[in-house]
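Counting in the UniProt record's numbering, the sequence shown runs without a single skipped number right up to 279 at its last residue.
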Amino acid sequence: MKQAIAALYALTFGMALGTPLLASDLSGEIKPVSLDSLSGDIFVLGEVHDNPTHHRNQARALRAIAPKAVVFEMLSPEQAARITPDLLQDPAALGRAVGWEEAGWPDIALYAPVFDAIGEARIFGATQPRAQVRAAMTTPLPDVFGPQAARYGLDRAYPDALQRQLEDQAQVDHCNALPPEMLPGMVAAQRFRDAAFARSVQQAYEETGGPVALIAGSGHARTDLGVPAILRQLDPTARIVALGQIERAAGASPSNPPPYDIWIVTPPTPRPDPCAAFK
């Protein structure tokens, strides 16, 4: 299914299916120690938000990259502007300053290793107002995104087959509990967020010269549909690395290669069954 999605996306948006320009010799599944050798221009560092191992791995990557800018999915530009070097050393105070808990993110203490590894990098926020994300579910994406929509591929509809596949995946991701009429909007909202994150990363790259790292959920790190795909279309010369972090039980491996340049497999973090309320 993932290969089919990539092929459909490439046919629609003119994206090459050959080997992308990578920043290092790393590819496929890696161990955390390999993060020490990362180099390049732009890095999309995926995570499962509540997995502490993923944040430790992101911190390790940041220390290797020494980025000039770090972009956060979890922060708006206004929130990012409130962060000072002192707040980076006090996650609890940082959380209060930006309204982290009110936004619904996991315990900010999980992100302490990431904040500690930022160094002197500038911090950018990528999240969009909830009203805009809601609008993206029902309004044509160019009207929501603005005049640069075509540059970010939002002026073209997905092929029907790809749209159906993504709607099916959205249903599975939401415990098969969504009304069918909501599914197109869920796909549109994800697409809107990916484009918005890519825009923020591109802004950070242009303002600082890179390297730039994006901290975001692994779904946004997909090389077939996510932020890296958009960035490679915007600047084919940029050396981009997309890291996905995947939870698997001991001894299990992905049945197909995941849609990332490199990926790390970790044990799942203990959590209640998110679908229990729907059973």
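Virtual Cβ for every residue (Gly too), placed ideally from N, Cα, C.
Measuring only the C-alpha atoms, how far is W105 from G125?
In this structure, the alpha-carbon of W105 lies about 14 angstroms from that of G125.
Residue from A112, R134, F43 whose Cα sits closest to the Cα of A238:
F43
My parser needs the beta strand (DSSP E) runs of 3 or more residues fully inside the region 152-227; what are they?
212-215
What residues in its chain sit with their C-beta under 8 angstroms from that of P142, if we drop five residues either side in the sequence?
A149, A150, L154, D155
DSSP puts I264 in a beta bridge; with which residues?
Q245
Does E120 come out as helix, strand or coil in the three-state DSSP assignment?
coil
Tell me, which residues are paired with F278 by DSSP?
None; F278 has no bridge partner.
Residues near L166 by beta carbon distance below 6 angstroms, same chain, minus five either side:
Within the same chain, V187 come within 6 angstroms of L166 by CB-CB distance, once the 5 residues on both sides are set aside.
Given that a residue counts as buried once 16 or more other Cβ atoms are within 10 Å of its Cβ, and exposed if not, what is Q89?
exposed
Which partner residues of L45 appear in the DSSP bridge assignment?
I215, L243
Going along the chain, which residues of its own chain have a beta-carbon closer than 8 angstroms to the beta-carbon of G28, five neighbours each way excluded?
P257, I262, W263
In the structure shown, what three-state DSSP assignment does A149 receive?
The three-state reading of DSSP puts A149 in coil, since its state is none of H, G, I, E or B.
Could you compute how far the alpha carbon of M15 sits from the alpha carbon of A189?
Confidence is the limiting factor: at M15 the pLDDT is only 45, short of 50, which leaves the residue's position unreliable, though a coordinate-based value still follows. Rounded to whole angstroms, M15 to A189 spans 22 angstroms at the Cα level.
Is V33 a contact residue of the ligand GTP, with contact defined as CB to any heavy atom under 7 angstroms?
Absence of the ligand GTP is noted for the structure shown, with no ligands found whatsoever.
D41 and P211 - do their beta-carbons sit closer together than 8 angstroms?
yes
Pick out the complete beta strand (DSSP E) segments inside the region 52-140, 3 residues or longer, and give them in chain order.
69-72, 122-125
Would you list the one or two residues that DSSP bridges to G28?
I262
CA-to-CA distance, D273 to V172, given in whole angstroms
Separation of V172 and D273 (C-alpha to C-alpha, rounded to the nearest whole angstrom) is 14 angstroms.
Looking only at its own chain, which residues have a Cβ that is under 6 angstroms from the Cβ of I83, when we skip the five neighbours before and after it?
I123
Of the residues Q202, A204, E247, which one's Cα is nearest the Cα of G219?
Minimum Cα distance to G219 is reached at E247.
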